[in-house]
Amino acid sequence: MDTNIEVEAPSAPRGVHDMTQGKPRAHVVRVMLFILAGMAIQTLYGLIDIYWVGRLGKEAVAAVAVSSNLMFVSLAATQMLSVGCVALVSQAAGRKEHGEVQRLFNQVQSLATWAGAVFLVLGLALHRTYAERLSGDAMTAELAKSFLLAFIPALALQFTMVGLGSALRGIGDMKPGLVAQTASVLLNMVLAPFLVFGWVSGRPLGVFGAGLATLLATAAAVVGLAVYLLRGKTFLRLRLADWQPDLPTWRRLVAIGLPSGAEFLLLAVTMGVIYVVTRPFGSEAQAGFGIGLRLMQAGFMPAVAISFSAAAVVGQNYGSRAYARVRETALESVKLVLGFMLFFTLVCQVFPAQLVALFSPAPDVIAAGVDYLQVTSWGYFASGIVFVCAGVFQGLGNTWPSLAASGTRAAAFVLPVLVLSARPGFRMHTIWLVSVATTLGQLGLQQILLRRELALKAPVSP
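Residue 124 in UniProt numbering sits at position 124 of the sequence shown; the count goes up by one each step and never skips.
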């Protein structure tokens, strides 16, 4: 029987967008644009912090950069929730099982609430040790401790934010998340200078003010999404009676999302190793790397947006057994990401100094940031494809192959860098060369694993 015949779908409940009909590329682009807008707004959080904090000196910039690496730990956990939620919700939506979608939505909120609480307690308990171990000097460490006191609660709130937004993404309803994020970043932009420099109040809070602005803005976004759901703008409903932990469902969510979460955890470990081996180069080098990393994150927004978009579209079509559409979605997503990444590579090769100088005028900081961007940008096209294919694995409901490729890359990066850093004449430039080489290796391994997964789960019809 041909499993790729498209039939007219029944009318869907409010908020559900059926992505099993029409051109897959159009669905990828539509969802991508919403996600990209939201991510651009979210990335502004980090850039705003760096911009205002940059006026406080290089130690303040280094403190925020070191502290922000903890965001990857938060992303590891929230990604686990997000990937599991999008995979199960989108597949249930593809099968038109809307009652199951509702149940999964509430189970995700329950799991997100518990996970956020655990992250908050552990983060506050360990923030001093974290800041002291990764900072390049005592002043940077003290500033990092101050920033983390407000930043850790903001990261804890992200669990709730992700739990709400992922279910909406699974059914293709992108607008509420975008509106909430837009409002929150505007609030952050307004609050940051008042809290950092003490405008009007006359009581400058420094780096703690930057973290507090992020906390207040994130809280506003969570409240906005909750109000949207309570007003009945979508068929999804928050029902506390359905929050009773269903351990089999939690296990399914974690089984799908754990490998993707582990990938972000590996990234956090990798970034931590970089901060450790760059400590001897001083706060200028760490600040330059921190700025370069934020710029790279901004440039990678299209790749991540396409990855998230591909996961939702693949998930719905895999749930409806439209295997040809699954493969078409993967191919079109790769084409899209290549265009974005090649453009970003060109920008980093031609204008790196101008980009870094927007956030710090210090020559040493600019030099470190330029070296990072110019070298690592040669692997951006490979990283973009890796992101997109990870989204395809998520939509298929099996993220372990993606973790295998990421784990191999992390080991191939960390071990040589640690060995080389102990040798005389070691330079930060060497770190970035190893990074590019291992990214290319990750791409090759991932493509082998993806071809195997598609052959198993989305076979081509005769």
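Even for Gly, the Cβ is constructed at its ideal location relative to N, Cα and C.
Every value quoted in this text rests on a predicted model; they were computed, and no experiment measured them.
{"Query": "Indicate the three-state DSSP secondary structure (helix, strand or coil) for F426 in the structure shown.", "Result": "coil"}
{"Query": "Span of the alpha helix (DSSP H) holding W400?", "Result": "400 to 421"}
{"Query": "Can you find at least 3 beta carbon pairs, one from the region 416 to 434 and one from the region 276 to 294, that sit closer than 8 Å?", "Result": "yes"}
{"Query": "Pick helix, strand or coil for R237, following the three-state DSSP scheme.", "Result": "coil"}
{"Query": "Measuring CB to CB, does G257 end up less than 9 Å from G94?", "Result": "no"}
{"Query": "Along the chain, where does the alpha helix (DSSP H) that runs through V460 open and close?", "Result": "Per DSSP, V460 belongs to no alpha helix (DSSP H) and is neither H nor E."}
{"Query": "Check each candidate in L104, S82, R294 and name the one with the smallest Cα separation from residue 469.", "Result": "There is simply no residue 469 to check, as the chain begins at 1 and stops at 462 in what is shown."}
{"Query": "Considering only C-alpha positions, which residue in the set A390, P424, L456, A422 is nearest to Q442?", "Result": "A390"}
{"Query": "Suppose the cutoff is 7 Å on Cβ atoms and the five residues either side in sequence are ignored; what does the same chain contact list for A213 look like?", "Result": "N188, L191, A192, L195"}
{"Query": "Where do the N-terminal and C-terminal ends of the alpha helix (DSSP H) with L265 fall, by residue?", "Result": "247 to 277"}
{"Query": "Let's see if you can read the secondary structure: which residues bound the alpha helix (DSSP H) around I291?", "Result": "282 to 299"}
{"Query": "Going by beta carbon distance, what residues of the same chain come within less than 7 Å of T270, once the five residues before and after it are set aside?", "Result": "A410, F413, V414"}
{"Query": "Since G177 contacts G163 with CB under 8 Å, what's their CB separation in whole angstroms?", "Result": "Not really, about 11 Å apart at Cβ, beyond 8 Å."}
{"Query": "Would you call P424 buried or exposed, if buried means 16 or more other Cβ atoms sit within 10 Å of its Cβ?", "Result": "exposed"}
{"Query": "Just verifying my parser: in three-state terms, what is the DSSP assignment at N106?", "Result": "helix"}
{"Query": "Please go through the same chain and pick out, in chain order, the residues whose beta-carbon is closer than 6 Å to the beta-carbon of residue 490, but skip the five residues on each side of it.", "Result": "Outside the shown range of the chain (1 to 462) lies residue 490, about which nothing can therefore be said."}
{"Query": "Near F105, what residues of its chain come up, given a Cβ to Cβ distance below 6 Å and the 5 sequence neighbours on each side ignored?", "Result": "A167, L236"}
{"Query": "Here's a check: name, in chain order, each residue in its chain whose Cβ is nearer than 6 Å to the Cβ of A87, leaving out the five neighbours to either side.", "Result": "I256, G315, Q394, G397"}
{"Query": "To which residues of the same chain is Q446 closer than 7 Å at the C-beta, ignoring the five residues directly before and after it?", "Result": "V386, C389, S402, A405"}
{"Query": "Does DSSP classify N69 as helix, strand or coil?", "Result": "coil"}
{"Query": "Can M19 be considered in contact with the ligand GDP, in the sense that its beta carbon sits closer than 8 Å to one or more heavy atoms?", "Result": "The ligand GDP is not part of the structure shown, which contains no ligands of any sort."}
{"Query": "Consider the Cβ of A180: report whether some Cβ of chain B lies at a distance smaller than 9 Å.", "Result": "Annotation note: the requested chain B is absent from the structure, which comprises a single protein chain."}
{"Query": "I need the straight-line Cα distance from L124 to T160, nearest angstrom please.", "Result": "18 Å"}
{"Query": "Where do the N-terminal and C-terminal ends of the alpha helix (DSSP H) with M189 fall, by residue?", "Result": "175 to 197"}
{"Query": "Within 10 angstroms of its Cβ, does K23 collect 16 or more other Cβ (buried), or is it exposed?", "Result": "exposed"}
{"Query": "Residues in its own chain within less than 6 Å of S421 by CB, not counting five upstream and five downstream?", "Result": "V277"}
{"Query": "Can you grab the Cα-Cα spacing for the pair V73 / F264, in whole Å?", "Result": "7 Å"}
{"Query": "For the candidate residues A62, Q91, A298, whose alpha-carbon lies nearest to that of S320?", "Result": "Q91"}
{"Query": "What is the rounded straight-line gap between the Cα of W243 and the Cα of G288?", "Result": "45 Å"}
{"Query": "Using the three-state DSSP reduction, which class does T160 fall into: helix, strand or coil?", "Result": "helix"}
{"Query": "What's the gap between the Cα of S110 and the Cα of P245?", "Result": "7 Å"}
{"Query": "So, do the region 338 to 350 and the region 197 to 217 have three or more beta carbon pairs nearer to each other than 8 Å?", "Result": "no"}
{"Query": "Is it true that the CB of A63 sits closer than 9 Å to the CB of V207?", "Result": "yes"}
{"Query": "Select from I35, G84, Q21, R103 the residue whose C-alpha is nearest the C-alpha of F308.", "Result": "I35"}
{"Query": "Using only the alpha-carbon positions, how far apart do L450 and R55 sit?", "Result": "46 Å"}
{"Query": "Which residue from L134, T249, V179 puts its Cα closest to that of V108?", "Result": "T249"}
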